[in-house]
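A.B. asks: Mind having a look at this structure? Questions to follow.
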Amino acid sequence: MERTSLITLLMLADATDYADLTFDNDLPDTGSLTSYFTKIPLVLEKAILQCSSNQSNHGMLVESTVQASTFRESKIHQAFADKEILVYLETTNGEKHFLGSNVNPCTITYSEDSGGAVTDSNDNSLSISHSAAKTA
180 MERTSLITLL MLADATDYAD LTFDNDLPDT GSLTSYFTKI PLVLEKAILQ CSSNQSNHGM
240 LVESTVQAST FRESKIHQAF ADKEILVYLE TTNGEKHFLG SNVNPCTITY SEDSGGAVTD
300 SNDNSLSISH SAAKTA
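Residue numbers (the working numbering): 180 to 315.
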């Protein structure tokens with residue numbers, strides 16, 4: 180099964196802070212979001228969450244991928260380069276997702292595009308991935 184959702188809010192945190200987070204219904208509470216997470220300035224309608232689930236020898240595996248663009252001037256993504264991260268996001272249909280943990284963090288890659296002309300893309304592209312066994 181696969182589905183795609185448009186992201187309206189994306190926040191990242193260092194996975195080493197996981198033990199300090201407080202949760203409410205499996206999501207970081209407001210205090211944790213404020214203290215540990217950084218809001219990523221998104222290019223609207225250029226941020227999607229793709230989730231797929233597959234049966235494997237170890238049970239059901241859920242893979243989540245975030246593809247997002249930030250504005251060229253934004254360098255916020257560099258703070259998370261080469262780090263294991265946690266992700267909190269919200270989608271256009273009101274869903275809230277938390278991805279990662281200290282033992283199973285998300286990975287992030289990014290590229291900085293600098294278009295040669297005014298009409299070329301000059302956004303920073305982020306790609307975040309996470310895989311986990313599906314729990315009840």
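Using N, Cα and C, we set each Cβ at its ideal position, and we do this for glycine too.
Would you list, in sequence order, the uninterrupted alpha helix (DSSP H) runs of no fewer than 4 residues that lie entirely inside the stretch 241 to 285?
C.D. replies: Complete alpha helix (DSSP H) runs here, min 4: none at all.
A.B. asks: Grab the span of the beta strand (DSSP E) containing T183 for me, first residue to last.
C.D. replies: As a first step, residue 183 is located in the sequence shown; it is residue number 4 there, counting from the start. E181 to D193 is the span of the beta strand (DSSP E), which, as asked, contains T183.
A.B. asks: Between which two residues does the beta strand (DSSP E) holding L305 run?
C.D. replies: Taking the first residue of the sequence shown as 1, we reach residue 305 at position 126. Taken as a continuous stretch (DSSP letters only), the beta strand (DSSP E) holding L305 covers N303 to A312.
A.B. asks: Roughly how many angstroms separate the alpha carbons of N283 and L200, rounded to a whole number?
C.D. replies: On the sequence shown, residue 283 is found 104 positions in, with the first residue counted as 1. On the sequence shown, residue 200 is found 21 positions in, with the first residue counted as 1. One C-alpha to the other measures close to 15 Å.
A.B. asks: By how many angstroms is the C-alpha of Q229 removed from the C-alpha of N272?
C.D. replies: Here residue 272 corresponds to residue number 93 of the sequence shown, with the count starting at 1. Here residue 229 corresponds to residue number 50 of the sequence shown, with the count starting at 1. Answer to the nearest angstrom: the Cα atoms are 14 Å apart.
A.B. asks: Check whether the Cβ atoms of E224 and L265 lie closer than 8 Å to each other.
C.D. replies: As a working mapping, residue 224 is identified with position 45 in the sequence shown. As a working mapping, residue 265 is identified with position 86 in the sequence shown. No, the pair does not count as a contact, with Cβ atoms beyond the cut-off.
A.B. asks: Classify T249: buried if its beta carbon has 16 or more other beta carbons within 10 angstroms, exposed otherwise.
C.D. replies: Here residue 249 refers to the residue found at position 70 when the sequence shown is read from its first residue. Buried, because 16 or more other Cβ atoms sit within 10 Å of the Cβ of T249.
A.B. asks: Relative to the alpha-carbon of A226, which residue among A311, G279 and T244 has its alpha-carbon at the smallest distance?
C.D. replies: As a position in the sequence shown, residue 226 is number 47, starting the count at 1. Comparing Cα positions, the closest option is T244.
A.B. asks: Given this structure, state the Cα-to-Cα distance separating E291 from F259, to the nearest angstrom.
C.D. replies: The residue you call residue 291 lines up with position 112 of the sequence shown. The residue you call residue 259 lines up with position 80 of the sequence shown. Roughly 14 Å between the two C-alpha positions.
A.B. asks: Taking DSSP as the reference, what is the three-state secondary structure of D203?
C.D. replies: For the purposes of this step, residue 203 is taken as the residue at position 24 of the sequence shown. Strand, per DSSP.
A.B. asks: Can you tell me which of T183, I287 and K254 puts its alpha carbon nearest to the alpha carbon of A194?
C.D. replies: By 1-based counting over the sequence shown, the position of residue 194 is 15. Nearest of T183, I287 and K254 to A194, Cα basis: I287.
A.B. asks: Whose CA, out of H256, S253, L188 and Y289, lies closest to the CA of L212?
C.D. replies: The residue labelled residue 212 in the question sits at position 33 within the sequence shown. Cα-wise, what sits closest to L212 is L188.
A.B. asks: Hey, out of G279, R251 and E269, whose CA is closest to Y289's CA?
C.D. replies: In the sequence shown, counting from the first residue as 1, residue 289 sits at position 110. Selected option, being the one with the closest Cα: R251.
A.B. asks: Can you have a look at P207 and say buried or exposed, based on whether 16 or more other CB atoms are within 10 angstroms of its CB?
C.D. replies: For the purposes of this step, residue 207 is taken as the residue at position 28 of the sequence shown. With 16 or more Cβ atoms within 10 Å of its Cβ, P207 is classed as buried.
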